[in-house]
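Notes for the one structure printed next.
Protein chains: 4
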Amino acid sequence: MIKITVWNEFINERVEEKIKAVYPEGIHNCIAGFLGEEQDFCLRTATLQQEECGLSDDVLENTDVLIWWAHVGHYEVPDELVRKIQDRVLRGMGIIILHSGHYSKIFKSLMGTSCRLLWREDDRERIWCCNPNHPIAKDVPAQFELPNEEMYGEFFDIPTPDELVFMGWFTGGEVFRSGCLWNRGLGKVFYFQPGHEAYPIYHNENIQTIIKNSIRYINPIKIINEIDCPQAIRLEV
Amino acid sequence: MIKITVWNEFINERVEEKIKAVYPEGIHNCIAGFLGEEQDFCLRTATLQQEECGLSDDVLENTDVLIWWAHVGHYEVPDELVRKIQDRVLRGMGIIILHSGHYSKIFKSLMGTSCRLLWREDDRERIWCCNPNHPIAKDVPAQFELPNEEMYGEFFDIPTPDELVFMGWFTGGEVFRSGCLWNRGLGKVFYFQPGHEAYPIYHNENIQTIIKNSIRYINPIKIINEIDCPQAIRLEV
Amino acid sequence: MIKITVWNEFINERVEEKIKAVYPEGIHNCIAGFLGEEQDFCLRTATLQQEECGLSDDVLENTDVLIWWAHVGHYEVPDELVRKIQDRVLRGMGIIILHSGHYSKIFKSLMGTSCRLLWREDDRERIWCCNPNHPIAKDVPAQFELPNEEMYGEFFDIPTPDELVFMGWFTGGEVFRSGCLWNRGLGKVFYFQPGHEAYPIYHNENIQTIIKNSIRYINPIKIINEIDCPQAIRLEV
Amino acid sequence: MIKITVWNEFINERVEEKIKAVYPEGIHNCIAGFLGEEQDFCLRTATLQQEECGLSDDVLENTDVLIWWAHVGHYEVPDELVRKIQDRVLRGMGIIILHSGHYSKIFKSLMGTSCRLLWREDDRERIWCCNPNHPIAKDVPAQFELPNEEMYGEFFDIPTPDELVFMGWFTGGEVFRSGCLWNRGLGKVFYFQPGHEAYPIYHNENIQTIIKNSIRYINPIKIINEIDCPQAIRLEV
Chain A
614 MIKITVWNEF
624 INERVEEKIK
634 AVYPEGIHNC
644 IAGFLGEEQD
654 FCLRTATLQQ
664 EECGLSDDVL
674 ENTDVLIWWA
684 HVGHYEVPDE
694 LVRKIQDRVL
704 RGMGIIILHS
714 GHYSKIFKSL
724 MGTSCRLLWR
734 EDDRERIWCC
744 NPNHPIAKDV
754 PAQFELPNEE
764 MYGEFFDIPT
774 PDELVFMGWF
784 TGGEVFRSGC
794 LWNRGLGKVF
804 YFQPGHEAYP
814 IYHNENIQTI
824 IKNSIRYINP
834 IKIINEIDCP
844 QAIRLEV
Chain Z
614 MIKITVWNEF
624 INERVEEKIK
634 AVYPEGIHNC
644 IAGFLGEEQD
654 FCLRTATLQQ
664 EECGLSDDVL
674 ENTDVLIWWA
684 HVGHYEVPDE
694 LVRKIQDRVL
704 RGMGIIILHS
714 GHYSKIFKSL
724 MGTSCRLLWR
734 EDDRERIWCC
744 NPNHPIAKDV
754 PAQFELPNEE
764 MYGEFFDIPT
774 PDELVFMGWF
784 TGGEVFRSGC
794 LWNRGLGKVF
804 YFQPGHEAYP
814 IYHNENIQTI
824 IKNSIRYINP
834 IKIINEIDCP
844 QAIRLEV
Chain V
614 MIKITVWNEF
624 INERVEEKIK
634 AVYPEGIHNC
644 IAGFLGEEQD
654 FCLRTATLQQ
664 EECGLSDDVL
674 ENTDVLIWWA
684 HVGHYEVPDE
694 LVRKIQDRVL
704 RGMGIIILHS
714 GHYSKIFKSL
724 MGTSCRLLWR
734 EDDRERIWCC
744 NPNHPIAKDV
754 PAQFELPNEE
764 MYGEFFDIPT
774 PDELVFMGWF
784 TGGEVFRSGC
794 LWNRGLGKVF
804 YFQPGHEAYP
814 IYHNENIQTI
824 IKNSIRYINP
834 IKIINEIDCP
844 QAIRLEV
Chain L
614 MIKITVWNEF
624 INERVEEKIK
634 AVYPEGIHNC
644 IAGFLGEEQD
654 FCLRTATLQQ
664 EECGLSDDVL
674 ENTDVLIWWA
684 HVGHYEVPDE
694 LVRKIQDRVL
704 RGMGIIILHS
714 GHYSKIFKSL
724 MGTSCRLLWR
734 EDDRERIWCC
744 NPNHPIAKDV
754 PAQFELPNEE
764 MYGEFFDIPT
774 PDELVFMGWF
784 TGGEVFRSGC
794 LWNRGLGKVF
804 YFQPGHEAYP
814 IYHNENIQTI
824 IKNSIRYINP
834 IKIINEIDCP
844 QAIRLEV
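Residue numbers (our numbering), protein chains in the order written: chain A, 614 to 850; chain Z, 614 to 850; chain V, 614 to 850; chain L, 614 to 850.
See the structure below:
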């Protein structure tokens, strides 16, 4: 059983009618909804508005994989919470950063880079797989289209991904490294670019498959309790 | 002084009027021409039609960087010559594989993969840089267009590049890892996708800059004489 | 059920009493023996002495993961068989190259490098894990000792591993990248250095755990029938 | 001309007689001393005790490559200064992190990991090169010994290096990834493990060669003024 927490800042879906129309229950509940069909997943949601942003120590310590959607509220997430999330990733927890989460404090802390990119609203995207036997690409076609998506383009200021799984093509002329994996400590980080709040991206079946696959791929073998830097006992050699 | 050999199968430019119109002296002479302006380059050309394909032991042993253009003549290059070129790369020589050279024996031998890809004639390409401070991208804009180019698309069956410098966007909807570097033994391999024979790609100033930069980047510090697998003397420990 | 073929050249164990004492049934049967305890493994062995080296098309096409042990017989494996094995790896099959298999034709073909290294008999090794949450390192201690092992030392002429899992330390003063993974086409390659025929390395419990883990890690999601390089139909864009 | 700033916390060399005996002018002046022989280097030193830690905006903006030695004073470096250094690396500046700098705020910020490791005083190290044609390994032997060095061992909690150049072997039985490179934004980071303050490591000729080589390798082509995340104008396509 994989313990998953779907975190969402949950701002636009509450205040903009257009966004509410796409995600009436919030992006987090949409994601938790399609994940809930899986027998091996155990789900919880959390939002910025909740006490401790919904991520108390107890919740975090009971999360194997954390999913992160955020956009306009990055700076409302306390630094101390970011530090705790990063610590748990380094101890083994998997984390999936979606779309505009590229500019979240937690993603930037894990990457060490600015995570800047090019962007433009109102485009169309085609997702290509450049690693077709990767577990995250299982049951995903060689390419598929998202009729509406915000454009995210290179140069994307990230460390070289440990694994590049998907590349994005945009009608407007841009390309992007859209599905990237990194190891950080004992944990794994998956960044997946699609997911602008104004479009029903998380209703797309291929997107749902990729998110399900990525949860299973980054689900940790183990999560340790503490990170230390021990003085080593001299081995018998 | 970097000793460069520009190798070209030199077939289409001799037999097809349309191609001859673009490269009347052959692709090799076009490339040697713009490289010849550089003070630190020392140039030589070689073609499939010459004795020993123009790559005698003496020529190879006096080459620091080998540039390879080929398309329909891959199977006319003798296996023994391919073995010698690979051996020299492993001993330190740099090699630049252009465009349809993706299916050459030497590239496939160095990669260990099939090097297959998607392709389609008559498209338009935009080259994006995803590694903007890389020496190969020096003086190259963030993106530039090739009004006519053959489409090469993913999945490109290559090992994960050690360095990914350029990505290609095509009007027809495809993306491609267009500028890739690998270390092989003591040598470096640069694959650069643009260069269909029917279009004046090698007349493009950005393409010329990239090829010049890549020569300097993969120019070896040293080339050794022999590869061995020695029994080690026990160190004093 | 993972279909595994354990291939062994089976030379030293037949002709040298000292080796026969360690592996009376041959290295392949020792490996097949401890793998046979696993419920999800389906095993077969094959040796150089058999018709078609024990690797007929039918056997190969029914192998998900191929294990390769060889040392003095590398040149007796026909090139055409090597080509078939490489093709199957590129179509998805996993391959585990053990110890002196670093100099096999199949490993060199998949790497594109010379695969040379330093070596010396009669040493002691300590294996360290530098990727502790990797599936291949599951249930393996942070380090463990092999009281007797041949020394393999750097410089090991391999492409940069996609994943480096283990590093070896030798009493004599050398270090080695001992557990390395690469993607090649749709398949995965795991090189694991321990396994000199004169010592009971494959009786070691940690070694057995690593081999079992690696089989599950490189077991393909799918194996395709054919590698092609298709002309792409123009997408509707 | 490469503008280099050698930063040192300069604590142990002032307060411990044993350390002062090794580095009477401080580690920074020892390093600046041997670097000063090079015609293309322009040098400056800075220490924790100076105003703004010796790294005013003016100094930072006139630094191409920053060298960082620190151990017990990590927490005395202000967060705001760390943020400025990281920003300048992402804009192009090269940074060399020496030895115990693995636990500095700036290294951890750039890596995104804990940077923990094993350690033990009083050991002997042998440095091996696993990337012999790398510019940083120029004129460095295949291996060399440091008769006295603190042991740093795996697991070293760092992101997979973009380039692994050196590996360390210790008498006590440990191994370490001792020379590692990463790209971060437009800048490059080189971590080099040797350099315990109690031993004359920076007097060693090979160590000096490696530091000189690494400065030239990570010297930026350009440093940009500002990092932005611009809305893209729609291209003509």
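All C-beta atoms in this analysis are idealised placements derived from N, C-alpha and C, irrespective of residue type, glycine included.
Since this is a predicted model, take the numbers as computed values, not measurements.
Between H747 of chain A and S713 of chain A, the CB-CB gap reaches or exceeds 8 Å.
A check of alpha carbon separations from D653 of chain V across V:I823, V:D735, V:M614, V:W795 identifies V:M614 as the nearest.
Annotation for D770 of chain A: T726, S727, C728, R729, L730 place their beta carbon closer than 8 Å to its own, counting only its chain and skipping 5 residues before and after. According to the DSSP assignment, A683 of chain L belongs to no beta strand (DSSP E), since it is labelled neither H nor E. Annotation: the continuous alpha helix (DSSP H) that includes V672 of chain V extends over 670-673. Residue environment: G707 of chain Z is assigned as buried (16 or more neighbouring CB atoms within 10 Å of its CB, all protein chains considered). Our two residues, H687 of chain L and Q663 of chain L, have alpha carbons roughly 15 Å apart in a direct line. Close partners of P843 of chain L in chain A (Cβ separation under 7 Å): L731. In the structure shown, L694 of chain V adopts helical secondary structure according to DSSP, grouped into three states.
Within the segment 760-799 of chain L, the runs of beta strand (DSSP E) at least 3 residues long that lie entirely inside it are, in chain order, 776-783, 788-797. Taking N838 of chain Z as the centre and dropping the five residues before and after it, the same chain places no C-beta closer than 6 Å to its C-beta. Beyond the five residues adjoining it in sequence on each side, W741 of chain L comes within less than 8 Å, by CB distance, of A755, Q756, F779, M780, G781, W782 in the same chain, given in chain order. Taking one beta carbon from each stretch, the segment 795-805 of chain A and the segment 799-808 of chain V have fewer than 3 pairs nearer than 8 Å; the two do not touch.
In the three-state reduction of the DSSP assignment, A634 of chain Z falls in the helix class. Taking the Cβ atoms as the reference, N744 of chain A lies roughly 11 Å from D775 of chain A, outside the contact range of under 8 Å. Under DSSP, Y804 of chain L takes part in a beta bridge, and its partners are L:I710, L:C793. Contact between the segment 620-630 of chain V and the segment 819-828 of chain Z is absent, with fewer than three C-beta pairs closer than 8 Å. For the segment 720-754 of chain V, the set of positions with a beta-carbon nearer than 7 Å to some beta-carbon of chain A reads P745, N746, P748, K751 in chain order. Around the beta carbon of A634 of chain L, fewer than 16 other beta carbons lie within 10 angstroms, which makes this residue exposed. Using a CB distance cut-off of 8 Å, R847 of chain A does not count as an interface residue toward chain Z. S722 of chain V has its alpha-carbon roughly 21 Å from the corresponding atom of G766 of chain V. The criterion of a C-beta distance shorter than 8 Å is satisfied by T660 of chain Z and G667 of chain Z. Within the segment 824-836 of chain Z, the residues whose Cβ lies closer than 8 Å to some Cβ of chain L are P833, I834, K835, listed in chain order.
Shown here, L661 of chain V sits in coil according to DSSP, grouped into three states, outside any helix or strand. Contact residues of the segment 692-708 of chain Z toward chain L are G705 (C-beta to C-beta distance below 9 Å).
Contact check for I680 of chain V and I624 of chain V: beta-carbon distance about 17 Å, past the 8 Å limit, so the pair fails to qualify. Between I834 of chain A and K616 of chain V, the C-beta spacing is not below 8 Å. N621 of chain A: member of the beta strand (DSSP E) spanning 615-621, first to last residue. Under the three-state reduction of DSSP, R737 of chain L is assigned to strand. Chain A places no beta carbon closer than 8 Å to that of G649 of chain Z, leaving this residue out of the contacts. At a cut-off of 8 Å, the C-beta of M614 of chain A has no neighbouring C-beta in chain Z. A straight-line Cα-Cα distance of about 52 Å links E762 of chain A and R739 of chain V. For the C-beta of L799 of chain A, the chain V residues within less than 8 Å are, from N- to C-terminus, P745, N746.
V678 of chain V is not a Cβ neighbour of I840 of chain V, given a cutoff of 8 Å. Between the beta-carbon of V672 of chain L and that of K718 of chain L there is about 18 Å, and that puts the pair past the 8 Å contact cut. When the alpha-carbon of R847 of chain L is set against those of A:R737, A:K825, A:E651, the nearest one is in A:R737.
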